[in-house]
Amino acid sequence: MTPEPTAPPAPAEPTAEPTLTSVPLADLPSLVGTTFGPSSWRTITQDEVDRFADLTGDRNPIHLDPVHAAGTPFGGTIVHGYLTLALVVPLMAQVVEVTGVTTGVNYGLDRLRFPAPVRVGSRIRVTSRLSDVTEVAGGYQAVFENSFEAEGLAKPAAVAVMIVRYYA
């Protein structure tokens with residue numbers, strides 16, 4: 008992970024509400040190549056980071072101790088990468104929903120990287136590109152290329168190729 012400049016995030020500019028695209032399950036294959044989003048901005052607070060650390064047991068001081076973190080290349084506490092990743096579901100739900108589904112499940116990830124740290128107090132949002140759809144017994148498997156933008160950073164905060172299975 009390459010450190011980014013440690014300046015606080017720039018003041019937020021007003022943004023439009025995200026556009027939600029509803030896709031009937033049967034139409035999913037026809038949308039390969041479509042980009043959904045970006046989602047709305049989501050601020051990640053120190054309280055959320057602390058609670059994530061309590062839940063997972065990941066108590067690295069870079070996430071929890073502002074005095075320690077101030078002396079690192081990041082200049083302050085940073086969000087756990089996996090907390091950023093965990094927000095993919097609610098953020099994607101703002102921009103794409105597949106209808107006519109009885110069950111949708113996270114099938115896994117093909118690729119996950121955290122190119123830039125997210126400073127606590129920063130805002131993130133996600134853009135998702137549907138890159139592949141294949142038929143599976145009872146439904147479809149969809150591959151989404153997700154890119155997390157952190158406000159004020161040139162690099163993505165995270166990139167994740169996520170596989171979701173949708174069953175009729």
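Numbering (the numbering used here), first residue to last: 8 to 175.
In this text, a Cβ means the ideal position worked out from N, Cα and C, and glycines have one as well.
Anyone know if the C-beta pair for VAL103 and GLY146 falls short of 9 Å?
no
Is VAL168 helix, strand or coil when you go by DSSP?
strand
For VAL74, count the other beta carbons within 10 Å of its own beta carbon; 16 or more makes it buried, fewer makes it exposed. Which is it?
exposed
With burial defined as no fewer than 16 other Cβ atoms inside 10 Å of the residue's Cβ, what is the status of ALA175: buried or exposed?
exposed
If THR50 sits next to GLY128, beta carbons under 8 Å apart, how far is it from one beta carbon to the other, in whole angstroms?
7 Å
Report the CB separation of LEU116 from ALA167 in whole angstroms; it is logged as a contact under 8 Å.
6 Å
Helix, strand or coil, according to DSSP, for ARG66 in the structure here?
coil
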